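Down below is the structure, laid out as structure tokens.
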Amino acid sequence: MTGILKKTDFLQALEREYSYEQTVIGRFRLEGSEEEDRTNDPGRGQERKIVRFHEHDPREEWKNEKRARTWGAVFKRWRASCKPAQTWHQIRMLLTDWLFLALLGIGMALCSMLMDSIIDYLQTFQLVLMNWASHTGNVFLDYLCTYLAWLGYTEFLVICSAMFVHYVAPQAIGSGIPEMKTILRGVILKDYLTCRTLISKMVGLTFALGSGIPIGKMGPFVHVASIVANLISNFAANFDGVYGNECRKSEMFAAACAVGVACTFSAPVGGRSVAPVGRRLSFSGVLFSIEVTTMYFSVRNYWRGFFAAVCGATVFRLLRVFLNDSEVTVVAFYQTHFPKDAFVPEELPFFALIGLICGFMGAGFIILYRSLVMFLRRNSFAKRFFQRNWITYPIVVAFIVATITYPRGYGRFLTGRFKFTRTLLDFFSNCTWSVPVRSLDSPHGCGPDLLSSWTNHEGYGPYNVYLVISLFMLTFFFLSALCNTIPVPCGMFMPVFVVGAALGRLVGEIIASIFPDGMGEGTDQPIFPGVYSVVGAAALSGSVTHALSVAVIVFELTGQLIYILPVMIAVIIANAISTYLQPSIYDSIIKIKHLPYLPDIPPTNSAIHMFCAENIMVAPVRYLSKQTTYDEIREILVDMPKLRSFPVVDDPSELKL
């Protein structure tokens, strides 16, 4: 490739000093004067010189690198060529979104693993303590000592959680999703994303979950992930100022919410892990976080949440494999084993019925929670007593929960010593509790341990299956709403999920008893109550949160897609009914806490769309102009002392700003 450059004094000086120079189109070498070409210009004769261009060939540099005898020589030459400013720039280049999101996912995986291990030990020690207290030799003393051990342990952990959060960082109280929803819309909440709040949230949540009260982990972990993202952003801002930008922080908070959801479903229950292995929810976590935290989601942030969630899932899975020798493969948390034809089309109306019931139950749960909170605020006795003695309310609630769930008392109807989330493994089983089985070797037969834990717990039975499931559902429906009013870190998704699974199991058992030989014509396919339980869990949690992505969460939790149609039908119906009756549980908390928040745009058929600006504006508008006198300004300020600004117009007749 050749080109002609005008020969000037600068070019001649360049030719004397350098043999070649770098340009946009490559390297060029100045040839000798023997390749001169004189041309006649119409305006004036000018002397031109032919200059030869040489394209840059990177293979030459590779050959030079290979000529280096050792890697040490290469490193020395690289270090000699690097300047401090260039090295600092390279460090800033490394701190891109990829590294940021990877650190976020890895950090949340480590936090989740640490918390789950501690919660596992706390819940196991409660059972050990209860066994120690039962060896007195007297029936009455055994009953009394075990009850005091069960009650005292629950009270101790709840009090520790409440006191730690109260004195370290009260911002850690509650779920965290409502506050993050307001932050993502531009609201600044003081001291909500600090390291002090992170410590308070993690320690308080660990104590609260270890006590066994029916609360969840999703909301608090979304808050924890957002705090970690904020801390990493502040650290990265020292290298690259773009991470200190509020817009960039909002994008990282959206990814953190997805990581928090993905790192939720691994909390141990009943003294052991909820599932033998730990596959994470990455895709469904991103979708759920989008639905519950944002109104207008920027698509460019989707890959951030997905990548961070995948990093957290991978690291957590590797930690589980390295730290637990019994885990050699990856399965779902609540792995189900339903056949491909687990339901027939004739059962679809019953799945729709579950969605209908869950829609009203979800709205009722939101009303119950809001009523409890408003009672504590408005009732004169409760307001005076619990506000003066704030620690009394957690003690009272812990006493109620421990007394109801005591395994040798009323708790015998609630699977006793097993924590309430442990029952999901039984609810999702593909056997039928109410129909007598011919053989335990049958794929539809339940094992003796499962049946005894529900119908003959601690040898106090047998009990009616329908009665036990109904009591379980109603009891934890109330306790879940009650425990979420305690001033400790707590979530609502998992308790509602379990209650929905109990409702679905109850409906499935009833249908299985009515149609013991199946419902389809020309087939002997039996009814699987476990499928109804999966559908009920998705429908009720979707109605409470107003999220359709819970269907995807259920698919990843169970590891099967055969019931995608029943789940979607029930979730859509439940969500539609609950949305019409009540706002979501997170929007209700926002209203209760009076957080600054822009409500959703109402549907087009709403009467709000008929309002004009003149219906809400203040008229007449007081303004200032060039002709306004001092007395008029003083009169305006006296008449409207609350207004902080006034429009200034050029002329009173035209009223142009």
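Per this note's numbering, the sequence shown starts with residue 263, numbered consecutively. Here a beta-carbon is modelled for each residue, glycine too, at the ideal position from N, C-alpha and C. As the structure is a computational prediction, the values presented were derived from the model and not from experiment.
**Request:** Can you say whether residue 873 is buried or exposed, counting buried as having 16 or more other CB atoms within 10 angstroms of its CB?
**Result:** exposed
**Message:** Going by DSSP in three states, residue 626 sits in which element: helix, strand or coil?
**Reply:** helix
**Message:** When you compare the CB positions of residue 486 and residue 462, do they come within less than 7 Å of one another, or not?
**Reply:** no
**Asked** Quick one, which of 617, 822 and 774 has its alpha-carbon nearest residue 805's?
**Response** 617
**Asked** Which residue's Cα is closest to the Cα of residue 746: 717, 763, 792 and 627?
**Response** 627
**Item:** Beta-carbon gap between residue 491 and residue 464 smaller than 7 Å
**Value:** no
**Close-in-space but distant-in-sequence residues of the same chain around residue 369 (CB under 6 Å, 5 per side omitted)** = 490
**Length at least 3, wholly inside the region 788-839: the beta strand (DSSP E) runs in chain order** = none
**Prompt:** How big is the Cα-Cα spacing for residue 313 and residue 516?
**Reply:** Since pLDDT at residue 313 reaches only 44, below the 50 mark, its modelled position is unreliable, and no value is offered.
**Asked** Helix, strand or coil for residue 365 per DSSP?
**Response** helix
**Item:** Straight-line Cα distance separating residue 692 from residue 217
**Value:** Residue 217 is absent from the structure shown; the chain starts at 263 and stops at 919.
**According to DSSP, residues forming a beta bridge with residue 753** = 478
**Prompt:** Secondary structure at residue 886, three-state DSSP: helix, strand or coil?
**Reply:** strand
**Outcome for residue 382 when other beta-carbon atoms lying within 10 angstroms are tallied against a minimum of 16** = buried
**Message:** Going by C-alpha to C-alpha distance, which of 789, 833, 569 and 803 sits closest to residue 757?
**Reply:** 803
**Item:** Same chain only: Cβ atoms within 8 Å of residue 629, ignoring 5 sequence neighbours per side
**Value:** 844
**Message:** With a threshold of 7 Å on Cβ separation, who are the neighbours of residue 552 within its own chain once the five nearest residues in sequence on each side are excluded?
**Reply:** 559
**Message:** Restricting to Cα atoms, I'd like to know which of 871, 801 and 856 is closest to residue 841.
**Reply:** 801
**Asked** Are the region 418-425 and the region 464-475 touching by the rule of at least three beta carbon pairs closer than 8 Å?
**Response** yes
**Message:** According to DSSP, residue 436 sits in a beta bridge with which residue or residues?
**Reply:** 751
**Request:** Note down the Cα distance separating residue 440 from residue 820, rounded to an integer number of angstroms.
**Result:** 28 Å
**Request:** Compare the C-alpha of residue 448 against each of 387, 570 and 555 and name the closest.
**Result:** 555
**Message:** Please report the straight-line C-alpha distance between residue 667 and residue 638, rounded to a whole angstrom.
**Reply:** 24 Å
**Within 7 Å, strictly: CB atoms of residue 796 and residue 812** = no
**Prompt:** Taking DSSP as the reference, what is the three-state secondary structure of residue 234?
**Reply:** Outside the modelled stretch of the chain, which goes from 263 to 919, sits residue 234, for which no answer is possible.
**Asked** Who does residue 910 pair with in a DSSP beta bridge?
**Response** 886
**Asked** Buried or exposed: residue 905, going by 16 or more other Cβ atoms within 10 Å of its Cβ?
**Response** exposed
**Message:** Please list the terminal residues of the continuous alpha helix (DSSP H) segment that includes residue 878.
**Reply:** 875-878
**Residues of its chain near residue 254, where Cβ-Cβ distance is below 7 Å and the 5 sequence neighbours each way are ignored** = Because the chain in this structure spans residues 263 to 919, residue 254 falls outside the shown range and cannot be described.
**Asked** Thinking just about the alpha-carbon of each residue, which of 550, 566 and 755 is nearest to the one in residue 624?
**Response** 755
**Message:** Less than 7 Å between the C-beta atoms of residue 791 and residue 482, yes or no?
**Reply:** no
**Asked** Does the beta-carbon of residue 818 have 16 or more other beta-carbons within 10 angstroms, so that it is buried, or is it exposed?
**Response** buried
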